[in-house]
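As structure tokens, the structure follows; a few thoughts come after it.
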Amino acid sequence: MSTAANIPPQFEIVDRPLDTQMTISMGPQHPSTHGVLRLELVLDGEMVVKTTPDIGYLHTGMEKLFEYKKYQQGIVITDRMDYLNPLGNNLAYVMAAEKLLSMEIPERAQVIRVLMCELQRIASHLVWLGTHALDIGAMTVFFYCFREREKILNLIEAASGGRLTPSYFRIGGLMMDLPAGFENRCKQFLDDFLKAVGEFHTLLSGNKIFQKRTQGIGRISAEAAIDWGLSGPCLRGSGVDLDVRRANPYSGYENYDFEVPTEPDGDVWARYMVRMREMKESHKIATQALSRLKPGPVKADDPKVVLPDREAMKKHMDALIHHFLIIAEGFNVPAGEVYHPIEASKGELGVYMKSDGGPKPSRVHFRGPSFVNLSALPDLARGEMVADVVAIIGSLDIVLGEIDR
Amino acid sequence: MPGPETTEPTPEPSVSSEQAPSPIVAALQREHPEWLTEVIEAYGEVTFVVPQELIVTVCSFLKGWPEGRFDFLADICGADRGVEEEPRFEVNYHLFSTTKHHRVRIKVLLTEEDMHVQSVTSVWRTANWHERETYDLFGVIFDGHPDLRRILLPEDWQGHALRKDFPLRGYEPYSLK
Numbered sequence: 001m002s003t004a005a006n007i008p009p010q011f012e013i014v015d016r017p018l019d020t021q022m023t024i025s026m027g028p029q030h031p032s033t034h035g036v037l038r039l040e041l042v043l044d045g046e047m048v049v050k051t052t053p054d055i056g057y058l059h060t061g062m063e064k065l066f067e068y069k070k071y072q073q074g075i076v077i078t079d080r081m082d083y084l085n086p087l088g089n090n091l092a093y094v095m096a097a098e099k100l101l102s103m104e105i106p107e108r109a110q111v112i113r114v115l116m117c118e119l120q121r122i123a124s125h126l127v128w129l130g131t132h133a134l135d136i137g138a139m140t141v142f143f144y145c146f147r148e149r150e151k152i153l154n155l156i157e158a159a160s161g162g163r164l165t166p167s168y169f170r171i172g173g174l175m176m177d178l179p180a181g182f183e184n185r186c187k188q189f190l191d192d193f194l195k196a197v198g199e200f201h202t203l204l205s206g207n208k209i210f211q212k213r214t215q216g217i218g219r220i221s222a223e224a225a226i227d228w229g230l231s232g233p234c235l236r237g238s239g240v241d242l243d244v245r246r247a248n249p250y251s252g253y254e255n256y257d258f259e260v261p262t263e264p265d266g267d268v269w270a271r272y273m274v275r276m277r278e279m280k281e282s283h284k285i286a287t288q289a290l291s292r293l294k295p296g297p298v299k300a301d302d303p304k305v306v307l308p309d310r311e312a313m314k315k316h317m318d319a320l321i322h323h324f325l326i327i328a329e330g331f332n333v334p335a336g337e338v339y340h341p342i343e344a345s346k347g348e349l350g351v352y353m354k355s356d357g358g359p360k361p362s363r364v365h366f367r368g369p370s371f372v373n374l375s376a377l378p379d380l381a382r383g384e385m386v387a388d389v390v391a392i393i394g395s396l397d398i399v400l401g402e403i404d405r
Numbered sequence: 406m407p408g409p410e411t412t413e414p415t416p417e418p419s420v421s422s423e424q425a426p427s428p429i430v431a432a433l434q435r436e437h438p439e440w441l442t443e444v445i446e447a448y449g450e451v452t453f454v455v456p457q458e459l460i461v462t463v464c465s466f467l468k469g470w471p472e473g474r475f476d477f478l479a480d481i482c483g484a485d486r487g488v489e490e491e492p493r494f495e496v497n498y499h500l501f502s503t504t505k506h507h508r509v510r511i512k513v514l515l516t517e518e519d520m521h522v523q524s525v526t527s528v529w530r531t532a533n534w535h536e537r538e539t540y541d542l543f544g545v546i547f548d549g550h551p552d553l554r555r556i557l558l559p560e561d562w563q564g565h566a567l568r569k570d571f572p573l574r575g576y577e578p579y580s581l582k
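Chains A and B, in that order, are what the protein sequence lines are.
If you number the first sequence the way my numbering does, the last residue is 405 and the count never jumps.
If you number the second sequence the way my numbering does, the last residue is 582 and the count never jumps.
Written out as structure tokens, the structure reads:
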């Protein structure tokens with residue numbers, strides 16, 4: 001990638017509209033911008049000279065809102081950021097608060113967190129795959145992907161009651177234990193899933209049109225990818241073997257046996273292949289997590305922070321008092337600041353949380369992987385055809401809810 | 406890059422009162438004690454508080470530092486410590502090493518009168534949008550930034566929304582302007 005100093009002459013912006021260059025606005029209502037993203041494209045013929053992303057259409061002031069909500073109320077806000085990976089957002093937020101509280105999470109809760117996060121990762125990648133293929137022109141894949149995703153959403157609904165906004169992870173553990181029969185349903189899904197991945201490969205990977213639209217498009221080198229702060233599949237698509245689950249393990253990921261797929265080419269195809277392989281790895285982790293489910297508590301033993309069980313509230317006075325206090329006043333979190341990164345489906349999702357000792361955080365900041373990955377788009381799109389910008393945006397796998405927050 | 410380590414390894418006792426600082430802290434305190442206003446180790450995380458005029462020097466040193474190799478800028482975020490606090494604002498830089506897999510936080514403290522920091526876009530290009538966001542929401546001016554515009558809020562927005570004295574519902578409905 002060329003730096004600003006040595007731009008070849010054809011990329012210089014000329015100030016002569018309608019002569020050789022043309023500025024067009026793509027979005028914010030364009031279907032393949034995956035939400036409300038607007039791009040200002042300077043074109044020379046069909047070649048992209050300059051891309052300026054314009055974001056903020058979906059800004060809802062979530063980081064401001066956190067400061068006015070108690071810690072446990074913040075969880076529901078996180079669902080609405082990356083709405084394709086809400087459990088990942090829950091996990092990052094909850095683990096940051098647990099770090100400040102120095103809490104120990106029971107084994108069963110950790111295993112269920114891993115299991116649900118990997119299911120969610122598969123669901124998120126399925127939406128990416130379906131919409132990415134749809135952008136490029138392959139419509140059928142979309143229906144196959146959403147068929148599989150529906151099964152995962154049903155599982156998440158069974159566990160948490162919500163399909164898109166589960167809020168299943170709570171500070172200190174889980175909202176509640178898995179329902180009866182969940183393990184069998186989950187096992188049934190996992191048994192069938194690898195066959196579905198095979199179907200996706202049959203539909204796309206051998207498709208000459210898909211290959212031509214993706215191979216060699218939107219290249220980024222490993223050094224440039226690190227410089228741009230890319231993370232997740234976008235970084236691994238450039239051959240950098242980096243995964244937060246490996247580098248800074250959390251929630252017991254160090255005990256699972258999985259590979260970190262990388263592809264050396266750094267183009268749209270490489271990022272496609274990384275995600276396709278990652279779905280299989282997530283399947284592997286989920287299968288292991290399912291086999292490790294042992295009976296036990298799913299909430300930490302900390303009555304001042306964790307809501308008591310309904311049954312306990314009916315019998316014990318102190319449980320009722322704690323319930324009342326947590327709901328009415330919240331719990332105080334020791335003063336301090338933490339940054340907790342997790343590997344979300346799109347890359348490193350970091351939560352910076354600062355407490356001043358009260359029941360509401362003083363500052364919560366989400367380092368959204370989509371936000372950072374999108375910032376590299378001008379570099380990726382320079383010199384490509386305007387039709388390929390759609391393929392590149394698809395390969396970055398952005399969610400505007402997380403970018404704008 | 407400064408720091409051939411052959412200069413006298415003066416066994417100077419560490420300045421901090423903490424017990425057993427982590428290797429990164431000890432190494433940086435040995436090499437550049439003058440940079441560190443304060444070192445905080447808590448929750449397994451290391452925070453270096455550095456003077457605001459040194460941020461580019463510190464970041465470019467840490468990026469190439471053989472003992473740290475902090476080549477990945479994970480995040481930049483501002484924070485308002487409270488209207489009465491002095492200094493009122495802080496900017497946190499979260500650094501990560503893609504080879505050694507450790508993290509560090511660099512913190513710069515800013516007073517309300519002097520909200521200027523040097524931009525680190527020359528060190529990492531990813532700083533571009535992070536700094537625009539911090540400017541947009543807190544009003545921190547990053548000197549040397551190539552394109553310091555608002556990013557999340559509209560260009561004609563009044564005030565900086567994440568400051569503690571900015572009301573949750575804003576000053577007036579934006580649509581009425």
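Positions of the beta carbon are idealized from the N, C-alpha and C atoms, including for glycine.
None of these values were measured; they are calculated from a predicted model.
Check: chain B partners of residue 240 of chain A, CB-CB under 9 Å?
Finding: Locating residue 240 of chain A in the first sequence gives position 240, counting from the first residue. Here the neighbours are 503.
Item checked: Touch test, the segment 92-101 of chain A against the segment 183-201 of chain A, Cβ-Cβ under 8 Å, three pairs minimum -> Between the segment 92-101 of chain A and the segment 183-201 of chain A, the count of C-beta pairs closer than 8 Å stays below three; the two stretches do not touch.
Item checked: Neighbour list for residue 375 of chain A in chain B, Cβ cutoff strictly below 7 Å -> Translated into the one-based positions of the first sequence, residue 375 of chain A becomes position 375. Residues of chain B passing the Cβ test: 531, 533, 534.
Checklist line | Members of the segment 349-370 of chain A near chain D, C-beta cut-off 7 Å | finding: Going by chain labels, chain D is absent from the structure shown, which instead holds the protein chains A and B.
Item checked: Minimum length 3: unbroken beta strand (DSSP E) runs contained in the segment 481-524 of chain B -> The segment 481-524 of chain B contains these whole beta strand (DSSP E) runs: 494-501, 508-515, 521-523.
Next item on the list: Within the segment 148-223 of chain A, note down every full alpha helix (DSSP H) run reaching 4 residues or more, in order along the chain.
Entry: At a cut-off of 4 residues, the continuous stretches assigned as alpha helix (DSSP H) that sit fully inside the segment 148-223 of chain A are 182-200, 208-214.
Next item on the list: Tell me, please, which residues DSSP counts as bridged to residue 337 of chain A.
Entry: On the first sequence, residue 337 of chain A is found 337 positions in, with the first residue counted as 1. The beta-bridge partner set that DSSP reports for residue 337 of chain A consists of A:354.
Check: Excluding sequence positions up to five away, which residues of its chain have a Cβ less than 8 Å from the Cβ of residue 316 of chain A?
Finding: The count along the first sequence starts at 1 and reaches residue 316 of chain A at position 316. Closer than 8 Å at the Cβ level, and outside the excluded window around residue 316 of chain A, lie 308.
Notebook entry, point to check: To which residues of the same chain is residue 545 of chain B closer than 7 Å at the C-beta, ignoring the five residues directly before and after it?
Noted result: As a position in the second sequence, residue 545 of chain B is number 140, starting the count at 1. Excluding positions up to five away in sequence, the list reads 483, 494, 496, 515, 520, 522, 539.
Checklist line | Inter-residue Cα distance where the pair is residue 560 of chain B and residue 554 of chain B | finding: Position 155 of the second sequence, counted from the first residue, corresponds to residue 560 of chain B. Position 149 of the second sequence, counted from the first residue, corresponds to residue 554 of chain B. Between residue 560 of chain B and residue 554 of chain B, the C-alpha separation is close to 8 Å.
Next item on the list: Tell me whether residue 570 of chain B is buried or exposed, calling it buried when 16 or more other Cβ atoms sit within 10 Å of its Cβ.
Entry: As a working mapping, residue 570 of chain B is identified with position 165 in the second sequence. Within a 10 Å sphere around the beta-carbon of residue 570 of chain B sit fewer than 16 other beta-carbons, which makes this residue exposed.
Margin query: Does residue 112 of chain A pass the burial test, meaning 16 or more other C-beta atoms within 10 Å, or should it be called exposed?
Written below: Here the question's residue 112 of chain A lines up with position 112 in the first sequence. It is buried - the Cβ of residue 112 of chain A has at least 16 other Cβ atoms within 10 Å.
Checklist line | Assigned secondary structure, residue 413 of chain B (DSSP; H/G/I helix, E/B strand, else coil) | finding: The residue given as residue 413 of chain B occupies position 8 in the second sequence. With a pLDDT of only 43 at residue 413 of chain B, under 50, the local geometry of the prediction cannot be trusted, and the value read off the model is given with reservation. Three-state result, residue 413 of chain B: coil.
Check: In chain order, what residues of the same chain have a beta carbon less than 7 Å from the beta carbon of residue 355 of chain A, not counting five sequence neighbours either side?
Finding: On the first sequence, residue 355 of chain A is found 355 positions in, with the first residue counted as 1. Sequence-distant partners of residue 355 of chain A (beyond 5 residues in either direction) whose C-beta falls short of 7 Å from its own C-beta, in its chain, are 100, 333, 334, 335, 336, 361, 362.
Next item on the list: In angstroms with no decimal places, state the Cα-to-Cα distance between residue 255 of chain A and residue 39 of chain A.
Entry: For this step, residue 255 of chain A is matched to residue 255 along the first sequence. For this step, residue 39 of chain A is matched to residue 39 along the first sequence. Linking residue 255 of chain A to residue 39 of chain A through their CA atoms gives a straight-line distance of about 43 Å.
Note to self: Looking at chain A, is there any beta carbon in it that lies within less than 7 Å of the beta carbon of residue 482 of chain B?
What the structure shows: On the second sequence, residue 482 of chain B is found 77 positions in, with the first residue counted as 1. Output row for residue 482 of chain B: interface = yes.
Margin query: Given a cut-off of 7 Å on the beta-carbon distance, is the pair residue 386 of chain A and residue 46 of chain A in contact?
Written below: Residue mapping note: residue 386 of chain A aligns to position 386 of the first sequence, counting from 1. Residue mapping note: residue 46 of chain A aligns to position 46 of the first sequence, counting from 1. The answer is yes: Cβ separation under 7 Å.
Check: Is residue 385 of chain A helix, strand or coil when you go by DSSP?
Finding: Translated into positions along the first sequence, residue 385 of chain A becomes position 385. Here residue 385 of chain A sits in strand by DSSP.
Checklist line | Contact list for residue 63 of chain A against chain B, beta-carbon separation under 7 Å | finding: Start at 1 with the first residue of the first sequence, and residue 63 of chain A comes out as number 63. Counting only Cβ-Cβ distances below 7 Å, residue 63 of chain A has contacts in chain B at 567, in chain order.
Check: Between the segment 454-484 of chain B and chain A, which residues of the former have a C-beta closer than 7 Å to a C-beta of the latter?
Finding: Correct list: 476, 477, 478, 479, 480, 482, 484.
Checklist line | Simplified DSSP state of residue 562 of chain B, which is helix, strand or coil | finding: Stepping through the second sequence from its first residue, residue 562 of chain B is reached at position 157. Residue state, collapsed to three classes: coil.
Note to self: Which residues of the segment 430-456 of chain B have a Cβ closer than 7 Å to any Cβ of chain A? Give them in chain order.
What the structure shows: Answer set for the segment 430-456 of chain B: 447, 448, 450.
Notebook entry, point to check: Between which two residues does the alpha helix (DSSP H) harbouring residue 280 of chain A extend?
Noted result: In the first sequence, the residue the question calls residue 280 of chain A occupies position 280. First-last of the alpha helix (DSSP H) with residue 280 of chain A: 268-291.
Notebook entry, point to check: Shorter than 7 Å from the beta carbon of residue 521 of chain B to some beta carbon of chain A?
Noted result: Numbered from 1 along the second sequence, position 116 holds the residue referred to as residue 521 of chain B. It does not; no Cβ of chain A falls within 7 Å.
Notebook entry, point to check: Is the segment 167-184 of chain A touching the segment 82-98 of chain A in the sense that three or more CB pairs, one from each, lie closer than 8 Å?
Noted result: Verdict: yes, contact present.
Next item on the list: For residue 260 of chain A, decide whether its Cβ has a neighbour in chain B, counting only Cβ atoms nearer than 7 Å.
Entry: Counted from its first residue, the first sequence places residue 260 of chain A at position 260. Taking Cβ atoms only, chain B never reaches closer than 7 Å to residue 260 of chain A, which makes this a no.
Item checked: Listed by chain order, chain A residues near residue 511 of chain B by CB distance under 9 Å -> For the purposes of this step, residue 511 of chain B is taken as residue 106 along the second sequence, with counting starting at 1. What residue 511 of chain B touches in chain A: nothing, since even the nearest Cβ is about 12 Å away.
Check: What is the rounded straight-line gap between the Cα of residue 41 of chain A and the Cα of residue 217 of chain A?
Finding: For the purposes of this step, residue 41 of chain A is identified with residue 41 of the first sequence, where counting begins at 1. For the purposes of this step, residue 217 of chain A is identified with residue 217 of the first sequence, where counting begins at 1. Roughly 17 Å separates the two Cα atoms.
Check: Considering only residues of the same chain and omitting the five flanking positions on each side of residue 381 of chain A, which have a CB-CB separation below 6 Å?
Finding: As a first step, residue 381 of chain A is located in the first sequence; it is residue number 381 there, counting from the start. Listed in chain order, the non-local C-beta contacts of residue 381 of chain A below 6 Å within the same chain comprise 48, 51, 389, 392, local neighbours out to five positions each way being set aside.
Margin query: Along the chain, where does the beta strand (DSSP E) containing residue 360 of chain A start, and where does it finish?
Written below: The count along the first sequence starts at 1 and reaches residue 360 of chain A at position 360. Boundaries cannot be given for residue 360 of chain A, as no beta strand (DSSP E) includes it and DSSP labels it neither H nor E.
Notebook entry, point to check: Pick from A:320, A:174, A:123, A:348: whose alpha carbon is nearest that of residue 282 of chain A?
Noted result: Residue 282 of chain A sits at position 282 when you count from the first residue of the first sequence. Of A:320, A:174, A:123, A:348, the residue nearest in Cα terms is A:123.
Notebook entry, point to check: Which residues, in order along the segment 323-347 of chain A, keep a beta-carbon less than 8 Å from a beta-carbon of chain B?
Noted result: Result list: 336, 337, 338, 339, 341.
Notebook entry, point to check: For residue 477 of chain B, which option in A:274, A:372, A:398 has the closest C-alpha, if you only look at C-alpha atoms?
Noted result: Your numbering for residue 477 of chain B matches position 72 in the second sequence. Nearest C-alpha to residue 477 of chain B: A:372.
Next item on the list: Could you name the residues of chain B that residue 34 of chain A contacts, counting a contact when the two beta carbons are closer than 8 Å?
Entry: Numbered from its first residue, the first sequence carries residue 34 of chain A at position 34. Against residue 34 of chain A, chain B offers no close residue; the least beta-carbon distance is about 18 Å (beta-carbon pairs closer than 8 Å).
Margin query: What does DSSP give as the partner residue(s) for residue 53 of chain A in the beta ladder?
Written below: Taking the first sequence and counting its residues from 1, one reaches residue 53 of chain A at position 53. For residue 53 of chain A, which the question treats as bridged, DSSP gives the partners A:39.
Check: Roughly how many angstroms separate the alpha carbons of residue 524 of chain B and residue 250 of chain A, rounded to a whole number?
Finding: Start at 1 with the first residue of the second sequence, and residue 524 of chain B comes out as number 119. Start at 1 with the first residue of the first sequence, and residue 250 of chain A comes out as number 250. The straight-line gap from Cα to Cα measures roughly 32 Å.
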